[in-house]
Amino acid sequence: MTALVIRGGHLVDPGAGVDAAKDILLKDGRVAEVAGPGKLKLANGAEILDASGLTVAPGLVDIHVHLREPGQGYKETIATGTAAAAAGGFTSVAAMPNTIPVNDSPEITRWMLAPERGASIRVFPIGAATRGSKGEALNDFAALKSAGAVAVTDDGHPILKDNIMRETLAAAARVGLSVIQHAEDTRMTQGASMNAGPMAFKLGLRGMPPEAESSLVDRDIRLVTELRDARVHLHVAHTSTGAAISAVRQARRNGLRVTCEVAPHHFLLTEESVGQYNTNAKMNPPLRSAADRDAMIEAILDGVVDAIATDHAPHATHEKEVEFENAPNGITGLETALGLSLRWLHKEWKLPLGRVLSLLSAQPAALLGLKGRGTLTVGSFADVVIFDPQAQWTYHARETRSKSHNTPFDGWTMQGKVRWTISEGRVAYKSE
Amino acid sequence: MNATAIPVRRQLHLPPAASSPFPFHPGSLLSVQDLDSEGISHLLSRATALENMDPLVRDRILLKRRVALLFYESSTRTRTSFELAAKGLGADTTLVSSLSSSIEKGETLKDTGLTLRALGAETIILRHNSSGAPWLLEETTQLPVLNAGDGMHEHPTQALLDLRTILARLRPGAETVNSDTLAGVTVMIVGDILHSRVARSNMLLLPRLGARVLLCGPKELLPDLAVGAGPGISIERNFVAALQQSQVVMMLRIQAERLAGMQLDLQQYKENYQLTGQRLAQHAPSAVVMHPGPIIRGLELTAGVADGPQSAILEQVRHGVAIRMAVVERALTSNGKRGQA
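Those protein sequence lines, which keep their order, are chains C and X. To convert, note that position 256 of the first sequence is 255 in numbering that gives the first Met the number 0; the numbers rise steadily by one, no gaps. To convert, note that position 247 of the second sequence is 246 in numbering that gives the first Met the number 0; the numbers rise steadily by one, no gaps.
In structure tokens form, the structure reads like this:
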């Protein structure tokens, strides 16, 4: 494999504590050398990439995406989803198992990882916790892990039964996998399509109460507490309520291994975005009140949040062009996460650049135990994002690399333009 | 640590939300909020003028114009009165209902709307079980859409005919309205507020004309946050206390089809909230009794009250035809700017 030199850029590698001008040599898919400007000994034939004026950082890691394959290639394929991810600066994505059929077996996991899928960056499948994600019978976690699964979850079908969730946490811990829970007590959200509150009342829509999320987080934390096993890791997906964040904060103070992620739409938007039944503002968990949105921002700033994850959930236009109650949940997010995080978390709310990037790379990689990802120390995978931190640009959904266009951020101004995304030494994306 | 510190609300200088593109067509009536008081006055005076007009003259106003009624839910009053209203103005009407149409075969609202437009429909009157469906239909067809009831959301022509009924009883001769027209009038709405589009449209319309809206019902059917729907709305859970303050008593049906598994003790409900002749005589002897129908005699009100002298229930139905003539006329003749007739 040819060598690639990234020269003249400013390296921000929060995991390694580096924030300085550095040149980097990538070789055979790994980081071979990191040196001060002009200090690299250039091998003959090395391709040189001029990163002058640009920020060089570990490739971004999104631990919550829906790539829709197998089964729903009309919404997205592994090829199109990872192309969108690369355009957004991501080099690793963890794919949720709510495919058709559900990814509850080593065969499907391996199918997703096969080269024929045409992934342009690294995909890490997440296995279903229970057979068919029906919440009844546990899958063989050891087999899923050896096929390549990095965690288990029933995602959109949260595990409600205490005994099943307890067994899931214990069994996953034995093989060293994390359990990701989409925290929603679905008994409280029947027929609901947005956040419960005055806005839902006025629009005549049934509401999902914040307690549907926080009560299940409380239940899960109680189970983790009772298991008394330091290997147990509960990860709360797309946290959207202040109450759930408080529960996570308290669990951590109690020394439990409980982590959480927040999606950009939950730290930027409120239920007001539903407006006149805008189905691109419909997702699960729903956009919440301004107080809950503010709680997400505070939790990111004060460090309780472990990762920013997009919950990239593509849907075809015709599926979203229906009555609000009938529209599927979810929005795309891979191409907008970095631009929104830099624009708001960094520029507006002054979260240091290193911490923003850490939430998008080092921390999520560590959380799922993705070795050699989320950092650019020597020997790590040559996963790199190179972006212009000063560039402002406007996102247009019609130009997306995803198959779907369902985003509430169409026309928004973003900060920081991705110039190159390099996945294991190969250029996966290059801006025009 | 300062215990009294007020948490700082994050200032989000987000891009200004695009101003609502709705209604796309000035003839649409999606929500009572589409109308300003000038628009309401215009509809009220047109309703009277059209009602009093020689039918043979009125017949020429929309002669051979095409009006489609698209009904996803059953209806007696609304469908018949819209149909009579459109026909009274000379229009051709066609009814498409969810049973016995391609909707049964899985056709979407968008495609059904586009098909009706291709067939020459110039306006679509929509009754739908999903809140917000008229917005989708208007956006996809760009035709004037008249909301004949969407889910639990709105029923604007019902609120307008209720207004006309109230004015006829309490402000006879009033042709125009403004923010004081109903000053001093308390309208109580009783019962299943949560599932009622009639309640939502009335609670958004009547306070803008000076009325006070008093909501009354048990917590399961009337959440506290209902007062946040708009200005001029309050809650009085005690039925008698509400009756004593009200000049208009609007009773609602319990919408069994929308209870979604909610368990309700009907005997208890009747004890607390049924409008009986005795309660009416004792606490609101001169109040106007209204009900959007269908009424369930012996549940929310007794037969004696429904048929009694204070009942305006059948007047409401009659006002419905006049109001809907004005609304259909506006839909097909409107090219003014948004919000006005």
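Cβ coordinates follow ideal geometry from the N, Cα and C atoms, glycine included.
Measure the alpha-carbon distance for residue i versus residue j and round it to whole angstroms.
i, j, result
"Glu-270 of chain C", "Pro-308 of chain X", "46 Å"
"Gly-335 of chain X", "Ala-336 of chain C", "Caution is warranted here: a pLDDT of 44 is assigned to Gly-335 of chain X, below 50, making its placement in the model unreliable, and no coordinate value can be reported."
"Leu-136 of chain X", "Ala-50 of chain C", "50 Å"
"Arg-6 of chain C", "Thr-412 of chain C", "29 Å"
"Ala-325 of chain X", "Leu-49 of chain X", "7 Å"
"Val-273 of chain C", "Ser-288 of chain C", "12 Å"
"His-194 of chain X", "Asn-201 of chain X", "13 Å"
"Gly-199 of chain C", "Tyr-276 of chain C", "Residue 199 of chain C is actually Ala in this sequence, not Gly. Approximately 10 Å, taken between the alpha carbons."
"Arg-218 of chain C", "Ala-198 of chain X", "38 Å"
"Val-33 of chain C", "Thr-376 of chain C", "8 Å"
"Pro-209 of chain C", "Ala-225 of chain X", "18 Å"
"Arg-230 of chain C", "Thr-258 of chain C", "13 Å"
"Lys-218 of chain X", "Leu-215 of chain C", "25 Å"
"Ser-333 of chain X", "Ala-286 of chain X", "37 Å"
"Asp-153 of chain C", "Gly-131 of chain C", "9 Å"
"Ser-357 of chain C", "Trp-110 of chain C", "31 Å"
Does the distance from the CB of residue i to the CB of residue j come in under 7 Å?
i, j, result
"Gln-246 of chain X", "Val-184 of chain X", "yes"
"Gly-329 of chain C", "His-314 of chain C", "yes"
"Val-92 of chain C", "Ile-385 of chain C", "no"
"Pro-351 of chain C", "Ile-62 of chain C", "no"
"Ala-381 of chain C", "Gly-424 of chain C", "yes"
"Arg-354 of chain C", "Gln-414 of chain C", "no"
"Ser-233 of chain X", "Leu-203 of chain X", "no"
"Glu-212 of chain C", "Pro-284 of chain C", "yes"
"Val-17 of chain C", "Leu-25 of chain C", "no"
"Pro-124 of chain C", "Ala-94 of chain C", "yes"
"Pro-206 of chain X", "Gly-231 of chain X", "yes"
"Gly-260 of chain X", "Ser-80 of chain X", "no"
"Glu-318 of chain C", "Pro-327 of chain C", "yes"
"Arg-372 of chain C", "Val-60 of chain C", "yes"
"Val-288 of chain X", "Val-248 of chain X", "yes"
Within the 7 Å Cβ cut-off, does residue i reach chain X?
i, result
"Glu-431 of chain C", "no"
"Gln-275 of chain C", "yes"
"Phe-200 of chain C", "yes"
"Glu-320 of chain C", "yes"
"Gly-302 of chain C", "no"
"Gly-190 of chain C", "yes"
"Pro-285 of chain C", "no"
"Phe-323 of chain C", "yes"
"Pro-263 of chain C", "no"
"Thr-371 of chain C", "The residue you asked about is not Thr; residue 371 of chain C is Gly in the sequence shown. Judged by the 7 Å Cβ criterion, Gly-371 of chain C is not in contact with chain X."
"Pro-447 of chain C", "Residue 447 of chain C falls outside the range modelled here, since chain C spans only 0 to 431, and no answer is possible."
Among the options, which one has its Cα closest to the Cα of residue i?
i, options, result
"Phe-266 of chain C", "C:Lys-160, C:Gly-70, C:Thr-238", "C:Thr-238"
"Ile-47 of chain C", "C:Ile-23, C:Met-164, C:Met-187", "C:Ile-23"
"Gly-155 of chain C", "C:Ala-236, C:Ser-104, C:Thr-224", "C:Ala-236"
"Ala-250 of chain C", "C:Ile-220, C:Met-111, C:Glu-398, C:Ala-308", "C:Ile-220"
"Ser-114 of chain C", "C:Gly-37, C:Thr-81, C:Ala-182, C:Gly-196", "The sequence shown places Pro at residue 114 of chain C, not Ser. Comparing Cα positions, the closest option is C:Thr-81."
"Pro-69 of chain C", "C:Ala-85, C:Ser-104, C:Leu-59", "C:Ser-104"
"Val-174 of chain C", "C:Val-257, C:Trp-392, C:Pro-13, C:Asp-228", "C:Asp-228"
"Tyr-394 of chain C", "C:Arg-230, C:Ala-83, C:Ala-306", "C:Ala-83"
"Arg-172 of chain X", "X:Arg-163, X:Asp-179, X:Ser-178", "The amino acid occupying residue 172 of chain X in the given sequence is Gly; Arg does not appear at that position. Comparing Cα-Cα distances from Gly-172 of chain X to each of X:Arg-163, X:Asp-179, X:Ser-178, the minimum goes to X:Arg-163."
"Leu-255 of chain C", "C:Ala-280, C:Ala-141, C:Thr-278, C:Thr-224", "C:Thr-224"
"Leu-28 of chain X", "X:Glu-314, X:Thr-122, X:Ser-44", "X:Thr-122"
"Arg-396 of chain X", "X:Lys-86, X:Leu-68, X:Leu-42", "One cannot answer for residue 396 of chain X here, as it falls past the ends of chain X, which runs 0 to 340."
"Ala-167 of chain X", "X:Ala-321, X:Ala-330, X:Val-327, X:Gly-292", "X:Ala-321"
"Leu-82 of chain X", "X:Gln-243, X:Ala-147, X:Asn-51", "Reading off the sequence shown, one finds Glu at residue 82 of chain X, where the question assumed Leu. Residue X:Ala-147 is the option with its Cα nearest to Glu-82 of chain X."
At the 7 Å Cβ level, is residue i part of the contact set with chain C, yes or no?
i, result
"Leu-221 of chain X", "no"
"Phe-21 of chain X", "yes"
"Gly-150 of chain X", "yes"
"Ala-255 of chain X", "no"
"Ser-129 of chain X", "yes"
"Ala-117 of chain X", "no"
"Gly-227 of chain X", "yes"
"Gly-338 of chain X", "Reliability of the predicted coordinates at Gly-338 of chain X is poor, the pLDDT of 39 falling under 50, and the value obtained from them is presented with this limitation in mind. It does not: the Cβ of Gly-338 of chain X has no partner Cβ on chain C nearer than 7 Å."
"Met-0 of chain X", "Confidence at Met-0 of chain X is low in this model, with a pLDDT of 37, below 50, so its placement is unreliable and the value that follows should be read with caution. No, no contact with chain C."
"Ala-240 of chain X", "no"
"Ile-5 of chain X", "Note on Ile-5 of chain X: pLDDT 45, under 50, position unreliable in the model; no value is reported."
*Hey, which unbroken runs of the beta strand (DSSP E) at 3 residues or more fall wholly within the region 88–137 of chain X?*
Look at the region 88–137 of chain X and you find these whole runs of beta strand (DSSP E), each 3 residues long or longer: 91–96, 122–127.
Practice item. Run through the region 149–185 of chain C for me and flag every whole alpha helix (DSSP H) of 4 or more residues, listed as ranges in chain order. Key: Listed in chain order, the complete alpha helix (DSSP H) runs (minimum 4 residues) inside the region 149–185 of chain C are 161–174.
| field | Every unbroken alpha helix (DSSP H) inside the region 193–233 of chain C [4 residues or more] | value | Within the region 193–233 of chain C, the complete alpha helix (DSSP H) runs of at least 4 residues fall at 197–202, 209–226.
* To do: For the region 160–232 of chain X, list the beta strand (DSSP E) runs that are entirely contained and at least 3 residues long, ordered along the chain.
  => Counting only runs of 3 or more, we get 185–189, 211–215.
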